[in-house]
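*Asks:* A single structure is presented below for examination.
In the working numbering, the protein residues as written are 176 to 973.
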């Protein structure tokens, strides 16, 4: 029998943390939340004392001995534990928010002043699609931009209370290792209280490395880079996946493989998760057992191995969380008490939320907790049921991914409103290979510096299971109906949670009341049929209402650009967005199967990350200045798909159906980046359009000085509507419509009020993909356009 009593306190703590961190955003003093909870707790404690202590019973009369009093004591005890957990996380949130409010960065943000800050990197840098605001730095012009999560160390030469901050830096990833201290002059903006980071820093000068990582962190940097370099010498998907399986390094995974891993629900295999930590810990425990060590020493060896693994893959919050979850699962298995595992999971959740209340809003934490709970609660019962119709080993192998998938699916719907139909069978096929790839790859990583030949041999062995995982991912993603559309957001998550609960109840309970089971089955069928019908039927209705004679279209690809032009049956695509799936959806919606001209304005991933969707479709590709490996990764698949390539500069041009296109930027010898992106002037029989890519204010000003742009009918707004815009360009263009490719809640504040004001002053109507979805425009020949949108816009403006 499982002990589920601590699930309620854990859920209460989660809900409290979710609300407490956002209290300040709605005008509630964070400390009030904590005081209210502790006051309620004190009242419940008094009630519990009155119900249980002998000295109180005479005052309460004979009724104190009745069963009702015992029930009252039990309820009070449960409430006390619930309130204690909630009070703990609320107090932690209030204290953390107090530190944020008292930080000197808050004063700097209020004064709009520049401060010299020292920050310490606390997680692996994340390659960004956006530039670091085009500021000058000591990095080369072609250096990639990384989002860096850090903690504050000092301000203007003085030590400061540690608060979480985020910034973007144009530095190589090797100089942004975990534990590195960075000194940079920055402007500060305050982020909403619900955000993990308290402040966003905008670098406004040279970025310096103030201190390298301490030795206990630095030793792992060489091991990680050595494994990545050695794996790069291998071929195929296996080369890209081995570092991910071994140490969670997914930098070599290209967009096409990443999309296949996500579509087949296998992406968790290459992320550092509880499974990776469990594999390493279990392997160490088993090795200690083979050496004849006693239980206490086995546990010690396993914990040391886990700690070393966490440092090797960098002890960022997600990894620490995964390690904690792995310890919980292993403790449950080792004790042989599944109920104890549920209690341990609940305690772990409460403890982690008390340590960092913002984890309550972290999808990774939610997925970790949900998957662990699914394994503890449902894997064994599902395996027992499945064992009635199949061999026991197969039943267990199927029950494990099924239990995790079922409990994680409501959360996954919030991230992507679709269900991976082949996720469970794909995991059944690929998951057995993951432990081999993880353990052998990890051994290769450790041995490469000291025994290179042995390490390389092990790496080649690890390549085999990694290649198999890639094969399964591509196979599952390529099957018809691999991605079943579902209702988005909270309604979709609640519906799939309800359907999951009904399905589990039907499968795991005995048939004592046939009518009730029949009603549940009918409800489940309706719950599945309605969203599937709506999701499949809605695009058909949308497609039926969409005009077929459109001239320009803006695809809804989230925070990114993907613009289409159609002329006399010829199709041009300007940029591809960040991911292949949204672009594929847009092309399917508009009935496009062939791309005659693909324009890649520059190499940021929010403009080229979805290129896998057009490999084999694109006939001719034009692009701006090359950017080494970044551009090679994009152009290689296109070239293999039969596309012809050409680098263009101002003055180049050609034809697209009945339209003429001309490149007006960049100039010769431009450097890659936003200011070197391709700007296209399109002259069609019934309209003229200009596509500005991500051109910043400085480059816009230089372009205005060197070129007479003249009036256009349509402009693709630069840089998703950021504030980095010339005051003159939109008034000179005087377009009727300004297309803005931008994602909902993008975190950058795009489009900015400044940009929207510039468009309004120029008499240009803003059409935004975050509000309208995919849109098409049909020119009327008189400077106007007929607009069709995938969904109703709430109106122009902010």
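Even glycine gets a Cβ: it sits at the ideal position worked out from N, Cα and C.
Below 8 Å, can you find three or more Cβ-Cβ pairs linking the segment 760 to 776 to the segment 917 to 927?
*Replies:* no
*Asks:* Going by DSSP in three states, residue 972 sits in which element: helix, strand or coil?
*Replies:* In this predicted model, residue 972 has a pLDDT of only 37, less than 50, meaning its place in the structure is not dependable; the value taken from the coordinates is given anyway. Coil, per DSSP.
*Asks:* Decide if the segment 458 to 469 is in contact with the segment 368 to 384; the criterion is three or more beta carbon pairs, one per stretch, under 8 Å apart.
*Replies:* Short answer: they don't touch.
*Asks:* So, at 7 Å on beta carbons, what are the nonlocal neighbours of residue 417 in its own chain, with the 5 sequence-adjacent residues on each side left out?
*Replies:* 406, 612, 616, 634, 637, 638, 641
*Asks:* Do you know how far the Cα of residue 254 is from the Cα of residue 360?
*Replies:* The alpha-carbon atoms of residue 360 and residue 254 are separated by roughly 50 Å.
*Asks:* Please name the residue or residues paired with residue 656 in a DSSP beta bridge.
*Replies:* Paired residues: none, contrary to the question.
*Asks:* Quick one: what's residue 738 bridged to in DSSP?
*Replies:* 729, 749
*Asks:* Using a threshold of 7 Å, is the CB atom of residue 383 nearer than that to any non-hydrogen atom of the ligand MG?
*Replies:* For the ligand MG, the structure offers nothing, since it holds no ligand at all.
*Asks:* Within 10 angstroms of the Cβ of residue 367, are there 16 or more other Cβ atoms? Answer buried if so, exposed if not.
*Replies:* exposed
*Asks:* Report buried or exposed for residue 389, applying the criterion of at least 16 other Cβ atoms within 10 angstroms of its Cβ.
*Replies:* exposed
*Asks:* Relative to the C-alpha of residue 747, which residue among 859, 809, 683, 675 is closest?
*Replies:* 859
*Asks:* Going residue by residue through the segment 382 to 410, where are the continuous beta strand (DSSP E) segments of at least 3 residues, counting only ones entirely within it?
*Replies:* 383 to 386
*Asks:* Which of helix, strand or coil does DSSP assign to residue 787?
*Replies:* Residue 787 falls in the helix class under three-state DSSP.
*Asks:* Excluding the 5 residues preceding and the 5 following residue 274 in the sequence, name in chain order all residues of the same chain whose CB lies nearer than 7 Å to its CB.
*Replies:* 336, 338
*Asks:* Hey, would you say residue 869 sits closer than 8 Å to residue 798, going by beta carbons?
*Replies:* Contact: no.
*Asks:* From this set, 560, 530, 661, which residue's C-alpha is nearest residue 595's C-alpha?
*Replies:* 661
*Asks:* For residue 479, write down the residues that DSSP places opposite it in a beta bridge.
*Replies:* None; residue 479 has no bridge partner.
*Asks:* Mapping DSSP to helix, strand and coil, what is residue 444?
*Replies:* helix
*Asks:* Helix, strand or coil for residue 688 per DSSP?
*Replies:* coil
*Asks:* Does the distance from the C-beta atom of residue 574 to that of residue 557 stay below 8 Å?
*Replies:* yes
*Asks:* Which same chain residues, not among the five before or five after residue 886, have their C-beta less than 7 Å away from its C-beta?
*Replies:* 908, 909
*Asks:* Is the separation between the beta-carbon of residue 530 and that of residue 738 shorter than 8 Å?
*Replies:* no
*Asks:* Can we say the segment 394 to 413 touches the segment 617 to 631, given the rule of at least three CB pairs closer than 8 Å?
*Replies:* yes
*Asks:* For residue 960, tell me which candidate among 932, 966, 864, 695 has the shortest Cα-Cα distance.
*Replies:* Per the Cα distances, 864.
*Asks:* Is the segment 473 to 484 touching the segment 283 to 293 in the sense that three or more CB pairs, one from each, lie closer than 8 Å?
*Replies:* Output reads no: the segment 473 to 484 does not touch the segment 283 to 293.
*Asks:* Please confirm if the segment 427 to 436 is in contact with the segment 453 to 460, defined as three or more CB-CB distances below 8 Å between the two stretches.
*Replies:* no
*Asks:* For residue 271, name the three-state secondary structure that DSSP assigns.
*Replies:* In this structure, residue 271 counts as helix in the three-state DSSP scheme.
*Asks:* If we count the other Cβ atoms within 10 Å of its Cβ and call it buried at 16 or more, is residue 734 buried or exposed?
*Replies:* buried
*Asks:* For residue 353, report the span of its beta strand (DSSP E) as first-last.
*Replies:* Counting along the chain, residue 353 falls outside any beta strand (DSSP E), and DSSP gives it neither H nor E.
*Asks:* Going by the beta-carbon positions, is the gap between residue 356 and residue 385 smaller than 8 Å?
*Replies:* yes
*Asks:* Since residue 172 sits in a beta bridge, which residues does DSSP pair it with?
*Replies:* Only positions 176 to 973 of the chain appear in this structure, which leaves residue 172 out of reach.
*Asks:* In or out: residue 207 buried (at least 16 other Cβ within 10 Å) or exposed?
*Replies:* exposed
*Asks:* Are the segment 684 to 700 and the segment 601 to 611 touching by the rule of at least three beta carbon pairs closer than 8 Å?
*Replies:* no
*Asks:* Alpha carbon to alpha carbon, how far is residue 890 from residue 878? Give it in angstroms, no decimals.
*Replies:* 15 Å
*Asks:* Using DSSP with H/G/I as helix, E/B as strand and the rest coil, what is residue 778?
*Replies:* coil
*Asks:* Excluding the 5 residues preceding and the 5 following residue 882 in the sequence, name in chain order all residues of the same chain whose CB lies nearer than 7 Å to its CB.
*Replies:* 839
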